[in-house]
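Residue numbers (our numbering): 1 to 381.
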Amino acid sequence: MYRFIWLLVFVLVLGAGVSHVSADGEDWGKKFPNYELLGERKVDFGADKDSIAVTGKEGRFVSIMLGVVDGNLEMYDIKVTYGNGDTHSPEVRHTFKQGERSRQIDLPGEARVIQKVEFKYKSKLKRGKATVKLFGKPAEAGDKPDADTGEWKNHLPKSADGYQFLGERKVAFGGDRDTIEVTGHEGKFTAIVIGVADGEIELWNIKVEFGNGESHSPELRANFDEKSRSRVIDLPGEARVIKKVTFLYKSKLKEGRATVKLYGRPAGVADRFPGYKHIGSRVVDFGKDTDAITVGASKGSFKGFMIEVEDADLELREIVVTMGNGKQYEPKTRMEFNENTRSRTIDFPGNEGRTIERLIFKYSTQGVKDGKATVNVYGKE
1 MYRFIWLLVF VLVLGAGVSH VSADGEDWGK KFPNYELLGE RKVDFGADKD
51 SIAVTGKEGR FVSIMLGVVD GNLEMYDIKV TYGNGDTHSP EVRHTFKQGE
101 RSRQIDLPGE ARVIQKVEFK YKSKLKRGKA TVKLFGKPAE AGDKPDADTG
151 EWKNHLPKSA DGYQFLGERK VAFGGDRDTI EVTGHEGKFT AIVIGVADGE
201 IELWNIKVEF GNGESHSPEL RANFDEKSRS RVIDLPGEAR VIKKVTFLYK
251 SKLKEGRATV KLYGRPAGVA DRFPGYKHIG SRVVDFGKDT DAITVGASKG
301 SFKGFMIEVE DADLELREIV VTMGNGKQYE PKTRMEFNEN TRSRTIDFPG
351 NEGRTIERLI FKYSTQGVKD GKATVNVYGK E
C-alpha cells in the first residue's frame, strides 16, 4: 500500500514538471492569446548575432514580444525590418532566463508587415542551443483606417470612439518642421493620434507641449502613406491640456501639400475641462423631446454652465435652469450640436456664483431614427 502511494506521488510530481515546461514553451499562445508565433531561431553558444525571418503572408502587426526557452540568454541591439525596408531599433536589453519573455514592444506608426527581426546576444550555455521565439500582435481588422472622405473620424480606429479633432496643418515639400496649435478650451486629453491625408510624409521628433509648460516626446518615427494614421500615443501622467504639437518631417511630394491631422482622446467627464466641474449627465432618446438633469446644492455654486453632446447629433430648443433659491433662468438660446461637440459658456446674470437645483431642456435629435445622445453639463467654477 505504501509503495503504491509513493509511486502515485512520484507520477504526480513528474507530471507537474512536464506541464511547467510546456507552459514555458509551446503553450505560450494560450498565455498570450492576442499574439501569434511568427518564427523562432536556435542560437549557438559560439555565435553572437542572429535573425528570425518573417514572411509577408503573416500579415500586419502593431507590436512584438520575444521569448527564450531551453536556456538563458542576454539579448540587445534588436532591429525590426519592415516589408518596405524601413527599420526600427527599440531600446531593449534584457537577460532572459529559461521560459521568460520580453515586455510588449510597440511598433511605431501604422501596423506594418515585418520582414525580419535581428538581434545580438550572449548565450549563457556552454553547450547546446537556446531557442528565441518571436510573437506578433496582429492589427485588428477594425483598426485599419478607412479612406479619407473629408471626415476626420475616418482616420481613427473603429475602437476609438470619442476622439476629437484638435487641428491640422498643411505641410509643404520644402519644409522640415511645423506645428499644430491647440487652444486650451479644447479640454484635457489622455492620448493623441496623428493622421496624414493628401500625400506621403516621414514624421519624427514629435513633441507634445502641455498647458503647464511641460512636454513629452514619444518614441515615434514613421512613414505615413496617404490616408494613414499613427498608433494611439498615450500621454504620461494625468489628463492634461495640450498647447501644441511640433514635429519634423520629410514630404515625399514634389508639388502640392500633405495634410497632418491631430486628434485627441478626451479625459473622462470628471476632469475634461479646466475650470469646469461635471455636474450631471443624461442619455436622451430619439422618441422623447423633454428631459431633466438634477444637480443639487451639494455640487457647489457656479457662475455659469456649458453643455456637451456625445454619441449623436442634437438640437437644444429650450433650456430652463432652476436655481437653489427657486428662481428660474431661461437663456435665450437655441443650439445645434454635432456629435462630440459642446456649447459656449452660458454665464448667469451678474456673473455671481449660484447653486443649481436642476436643468430642464427640450430637444430634437435632427432626424436620427435610432440611437441615443448623451448630454453632459459642466458648471463654471
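Don't be surprised by glycine CBs; every beta carbon is placed ideally from N, CA and C.
**OP:** Just the C-alpha distance for G128 and Q104, rounded to the nearest angstrom, thanks.
**Re:** On the sequence shown, position 128 is the one that residue 128 refers to. On the sequence shown, position 104 is the one that residue 104 refers to. C-alpha separation (whole angstroms): 28 Å.
Subject >> Proximity winner among N84, F45, P236, relative to N72 (alpha-carbon distances) >> reply: Counting from one through the sequence shown, the residue named residue 72 turns up at place 72. Ranking N84, F45, P236 by CA distance to the CA of N72 puts F45 first.
**OP:** Quick one: using the 10 Å Cβ neighbour count with 16 as the cut-off for buried, is V377 buried or exposed?
**Re:** Locating residue 377 in the sequence shown gives position 377, where the first residue counts as 1. Per the 10 Å Cβ criterion, buried.
Original post:
For D176, which residues from the same chain have a beta carbon less than 8 Å from its beta carbon, with the 5 sequence-adjacent residues on both sides left out?
Top reply: Sequence index remark: in the sequence shown, residue 176 carries index 176 (1-based). Answer for D176: L248, Y249, K250, listed in chain order.
Original post:
According to DSSP, is N212 helix, strand or coil?
Top reply: For the purposes of this step, residue 212 is taken as the residue at position 212 of the sequence shown. Residue state, collapsed to three classes: coil.
Original post:
Y76 bridges to which residues according to DSSP?
Top reply: Taking the first residue of the sequence shown as position 1, residue 76 is located at position 76. Y76 pairs with K120.
Original post:
Which residue spans inside the region 178-236 form an unbroken beta strand (DSSP E) run of at least 3?
Top reply: Restricting attention to beta strand (DSSP E) runs no shorter than 3 residues, the region 178-236 encloses them at 188-197, 201-210, 222-224, ordered along the chain.
**OP:** Would you kindly check if the distance between the Cβ of A197 and the Cβ of R257 is under 7 Å?
**Re:** The count along the sequence shown starts at 1 and reaches residue 257 at position 257. The count along the sequence shown starts at 1 and reaches residue 197 at position 197. No, the Cβ-Cβ distance between R257 and A197 is not below 7 Å.
Subject >> Residues bridged to Q382 [DSSP beta-bridge criterion] >> reply: Here the chain comprises residues numbered 1 to 381, so residue 382 is not present and cannot be evaluated.
**OP:** Kindly indicate which three-state DSSP category A141 falls into: helix, strand or coil?
**Re:** Position 141 of the sequence shown, counted from the start, is the residue given in the question as residue 141. Note that A141 scores 45 on pLDDT, short of 50, meaning its location in the model is unreliable; the coordinates nonetheless yield the value given after this. In the displayed model, A141 falls within a helix according to three-state DSSP.
Original post:
DSSP state of K299, grouped into three classes?
Top reply: Start at 1 with the first residue of the sequence shown, and residue 299 comes out as number 299. Reduced to three states, the DSSP call for K299 is helix.
Subject >> For V92, three-class secondary structure by DSSP >> reply: Position 92 of the sequence shown, counting from 1, holds the residue named residue 92. Coil.
**OP:** Would you kindly work out how many angstroms separate the C-alpha atoms of H216 and T294, rounded to a whole number?
**Re:** The count along the sequence shown starts at 1 and reaches residue 216 at position 216. The count along the sequence shown starts at 1 and reaches residue 294 at position 294. Between H216 and T294, the alpha-carbon positions lie close to 40 Å from each other.
Original post:
With respect to the beta strand (DSSP E) encompassing A111, which residues constitute its N-terminal and C-terminal limits?
Top reply: Numbered from 1 along the sequence shown, position 111 holds the residue referred to as residue 111. First-last for A111: undefined, no H or E at that position.
Original post:
V62 and K137: beta carbons closer than 7 Å?
Top reply: For the purposes of this step, residue 62 is identified with residue 62 of the sequence shown, where counting begins at 1. For the purposes of this step, residue 137 is identified with residue 137 of the sequence shown, where counting begins at 1. At the C-beta level, V62 and K137 come within 7 Å of one another.
Original post:
Under the DSSP definition of a beta bridge, which residues are partnered with V284?
Top reply: Position 284 of the sequence shown holds residue 284. Checking the DSSP bridge columns, you'll see V284 partnered with A373.
Original post:
Nearest to Y363 by alpha carbon, out of M323, L316, F96?
Top reply: Position 363 of the sequence shown, counting from 1, holds the residue named residue 363. The residue with the shortest Cα to Cα distance from Y363 is L316.
Subject >> Helix, strand or coil at A267 according to DSSP, with G and I counted as helix >> reply: For the purposes of this step, residue 267 is taken as the residue at position 267 of the sequence shown. A267: coil per DSSP, three-state reduction.
Original post:
Touching or not, the region 317-333 and the region 233-247, by the rule of three or more beta carbon pairs under 8 Å?
Top reply: Judged by pairs of C-beta atoms under 8 Å, the region 317-333 does not touch the region 233-247, as fewer than three such pairs exist.
Subject >> Straight-line gap, D347 to F305 (C-alpha atoms, nearest Å) >> reply: Taking the first residue of the sequence shown as position 1, residue 347 is located at position 347. Taking the first residue of the sequence shown as position 1, residue 305 is located at position 305. C-alpha separation (whole angstroms): 7 Å.
**OP:** Would you please state the rounded distance, in angstroms, between the beta carbons of E200 and K252? I believe it to be under 8 Å.
**Re:** Mapped onto the sequence shown, residue 200 falls at position 200. Mapped onto the sequence shown, residue 252 falls at position 252. About 4 Å; that satisfies the 8 Å criterion.
**OP:** Consult DSSP for G59 and reduce its assignment to one of helix, strand or coil.
**Re:** The residue you call residue 59 lines up with position 59 of the sequence shown. Of the three classes helix, strand and coil, the one that applies to G59 here is coil, per DSSP.
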